[in-house]
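Let me begin by presenting the structure, written as structure tokens, before commenting on it.
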Amino acid sequence: MMNVRKGFAVIAITAAAFGLAGCQATTGTKTSGQVALANEGVVFSAPAGYCLARSSRQSAQNSNFLLFGDCAALTKDPNRSTAPHQSVLSASLGPALDAPVESRFDVIEAFVRSDAGRSVMARSGKASDVTVLSRQVAGDVLLLKIRDTSATKDQPVAQDYWRAVTGLNGRVATLSVLPKKTAPMSDREQARLLLEFAARSKAATASGKKQ
99 MMNVRKGFAV
109 IAITAAAFGL
119 AGCQATTGTK
129 TSGQVALANE
139 GVVFSAPAGY
149 CLARSSRQSA
159 QNSNFLLFGD
169 CAALTKDPNR
179 STAPHQSVLS
189 ASLGPALDAP
199 VESRFDVIEA
209 FVRSDAGRSV
219 MARSGKASDV
229 TVLSRQVAGD
239 VLLLKIRDTS
249 ATKDQPVAQD
259 YWRAVTGLNG
269 RVATLSVLPK
279 KTAPMSDREQ
289 ARLLLEFAAR
299 SKAATASGKK
309 Q
């Protein structure tokens, strides 16, 4: 479906400190929760309190990967808004499909549950470390609860987290929320945050296309 293993490697590294050490913006740098991918005609717009960790941004053929963390922590500015949860958000953009993304949810889910899909999602790269615990569809968003039992020594990332799959300008967009192990989020909170992320990104993308 898309190559996001490289992105998960970034998550593992940045989550080690969870303050997004190594991805922090310098004091005074303008850091935003909205990122436009001009060539793809897509805008990712994170919920309030989350800003782009600039050095996390990666791109390759037909794919892009971004991390969003707490705005105040990233800018070292206490006056910036704070994320409502101790979590990191990720966004990845895959290739365009020849049909609406929501019409391919069954195919996408089948891939996610396959050995190949689970190995891509696993921080260890081992399919056996990942289990898809549940799924639900909310309109044009597919929500999946994932458990990743990869060895995460010294990394405060919770094993269970949620991913959302949706379409942005005809391309497959995958959003994830990674809660801090010591500050768990309920399933409802994670799903709500991802649905807000998806809705804001859809609105921003549609607005960008009109300009």
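So the sequence shown is numbered by the working numbering: it starts at 99 and just counts up by one.
Beta carbons are placed, not taken as given, at the ideal position from N, Cα and C, and that holds for glycine.
Does DSSP classify residue i as helix, strand or coil?
i: Leu164; result: strand
i: Asp175; result: coil
i: Ser143; result: strand
i: Ser222; result: coil
i: Ser91; result: Outside the modelled stretch of the chain, which goes from 99 to 309, sits residue 91, for which no answer is possible.
Could you tell me which residues DSSP puts in a beta bridge with residue i?
i: Cys149; result: Gly167
i: Ser274; result: Ser188 and Arg261
i: Ala236; result: Val239
i: Thr229; result: Arg245
i: Arg269; result: Ala194 and Leu266
i: Gln132; result: Ser143
i: Val255; result: Lys278
What separation, rounded to the nearest whole angstrom, lies between the Cα atoms of residue i and residue j?
i: Leu291; j: Met219; result: 20 Å
i: Gly215; j: Phe209; result: 5 Å
i: Arg178; j: Ala144; result: 15 Å
i: Tyr148; j: Arg245; result: 24 Å
i: Trp260; j: Gly139; result: 26 Å
i: Arg92; j: Leu150; result: No answer is possible for residue 92: the residues shown for the chain start at 99 and end at 309.
i: Ala289; j: Ser232; result: 12 Å
i: Val133; j: Lys224; result: 31 Å
The ligand GDP heavy atoms versus the CB of residue i: any closer than 8 Å?
i: Phe166; result: Of the ligands one can find in the structure shown there are none, so the ligand GDP has no counterpart to examine.
Report, in whole angstroms, the separation of the C-beta atoms of residue i and residue j, which I expect to be a contact under 8 Å.
i: Leu273; j: Ala262; result: 4 Å
i: Met39; j: Ser217; result: Beyond the ends of the chain as shown, which are 99 and 309, falls residue 39; an answer cannot be given.
Task: Inter-stretch contact (C-beta, 8 Å, three-pair minimum) for the segment 229 to 240 and the segment 157 to 177 - done: The segment 229 to 240, when compared against the segment 157 to 177, does not touch it at the 8 Å Cβ threshold.
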